[in-house]
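Peer 1:
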Amino acid sequence: MDVKRILVILALVLTAVVLVGAYVSDRPDAVEAISQKWSRSTHSDSSATAFTNWDEDDPPAIPVGCAKCHSTYGFLDFLGEDGTEAGVV
Numbered sequence: 722m723d724v725k726r727i728l729v730i731l732a733l734v735l736t737a738v739v740l741v742g743a744y745v746s747d748r749p750d751a752v753e754a755i756s757q758k759w760s761r762s763t764h765s766d767s768s769a770t771a772f773t774n775w776d777e778d779d780p781p782a783i784p785v786g787c788a789k790c791h792s793t794y795g796f797l798d799f800l801g802e803d804g805t806e807a808g809v810v
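Start counting at 1 in the sequence shown, then tack on 721, and there's your number in the working numbering.
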């Protein structure tokens, strides 16, 4: 085999190794891993301050900036599921 052919084969093998490495490292986490991370976060605790901070307010109203993520109705409103414009609370 001549040197040129060997270099081409080596280049192809190296390219394949790099592509496989990039694919393996860029895969998203499995659903189980994501669920486990979420269950350890405060987002899984409905009694956490992020969800109860305004309960003692009179009236207990969730600030607009918080409502889209920290209340069911605020999130549905943000999605436009209540018939209003999506992306706005």
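C-beta atoms are modelled at their ideal positions from N, C-alpha and C, and glycine is treated no differently.
Bear in mind the structure is a predicted one, so any value in this text is a computation, not a measurement.
1. Please confirm whether Val810 and Gly795 have their CB atoms less than 8 angstroms apart.
2. Applying the criterion that 16 or more other CB atoms from any shown protein chain within 10 Å of the CB defines a buried residue, is Ile727 buried or exposed?
3. Under 8 angstroms between the Cβ atoms of Trp759 and Ser767?
4. Could you give the C-beta distance for Thr763 and Ala754, rounded to a whole number, given that I count them as a contact under 8 angstroms?
5. Would the beta-carbon of Ala807 fall within 8 angstroms of that of Leu800?
Peer 2: Once the coordinates are examined:
1. yes
2. exposed
3. no
4. Incorrect: roughly 18 angstroms between the Cβ atoms, too far for contact.
5. Pairing Ala807 with Leu800 gives a Cβ-Cβ distance under 8 angstroms.
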